[in-house]
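The opening residue of the sequence shown carries number 1 in the UniProt record's numbering; numbering runs sequentially from there.
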Amino acid sequence: MPVVYLGIGSNLGIREDNCLMAISLLEENGLKITKRSAMHETTPWGVRDQPKFINMAIEAETDISPLELLLLIKKIEGDMGRQPAVKWGPRVIDIDILLYGDMLLCEADLTIPHPLMQEREFVLRALSEIAPDIMHPVLGKTMKELFDAIAAVPEGQRGKK
Numbered sequence: 001m002p003v004v005y006l007g008i009g010s011n012l013g014i015r016e017d018n019c020l021m022a023i024s025l026l027e028e029n030g031l032k033i034t035k036r037s038a039m040h041e042t043t044p045w046g047v048r049d050q051p052k053f054i055n056m057a058i059e060a061e062t063d064i065s066p067l068e069l070l071l072l073i074k075k076i077e078g079d080m081g082r083q084p085a086v087k088w089g090p091r092v093i094d095i096d097i098l099l100y101g102d103m104l105l106c107e108a109d110l111t112i113p114h115p116l117m118q119e120r121e122f123v124l125r126a127l128s129e130i131a132p133d134i135m136h137p138v139l140g141k142t143m144k145e146l147f148d149a150i151a152a153v154p155e156g157q158r159g160k161k
């Protein structure tokens, strides 16, 4: 079965419980969770004027195709109360497909690897914790190398667009 890496985050409600509920719902829907990072409290990325996030990453095995996985994720997010809102704004739960094996995919609603993961310290911290030697299939660097590079950038300059 392919190995996938997902990023999970929450900044509304009981953030830690929201992340754990998302993991449970993913497992109930056929993903076999093989690793999970610690939960990290992080500064919001993109839209800064909002509550801090709890972010983490998981490694899972699944036979669900990437597009089916995206539909499942959107259903779980909706079931947990996520509402359409401001891009990068506050949310009860956010689940992102970061990597799906070494697949490269560019569809209207899904790009793998996640196109902004290398710019997000919170993603790279969690990924390098559970998969430091996994290579980014486009950039040719490990998660640890990408994390070390972004960690060297002053926090006030990260994620600026």
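Using N, Cα and C, we set each Cβ at its ideal position, and we do this for glycine too.
In the three-state DSSP reduction, D94 falls in the strand class (E or B). In the DSSP assignment, S24 falls outside any beta strand (DSSP E) and within the unbroken alpha helix (DSSP H) covering R15 to E28. When DSSP states are grouped into helix, strand and coil, S10 belongs to the strand group. Closest in C-alpha terms to R91, from the list M103, E119, Y100 and G81, comes G81. A Cβ-Cβ separation of about 13 Å leaves T42 out of contact with F147 under the 8 Å criterion.
Contact between L127 and L98 holds: CB atoms are separated by about 7 Å, below the 8 Å threshold. Rounded to whole angstroms, the separation of the alpha carbons of S24 and T62 is 14 Å.
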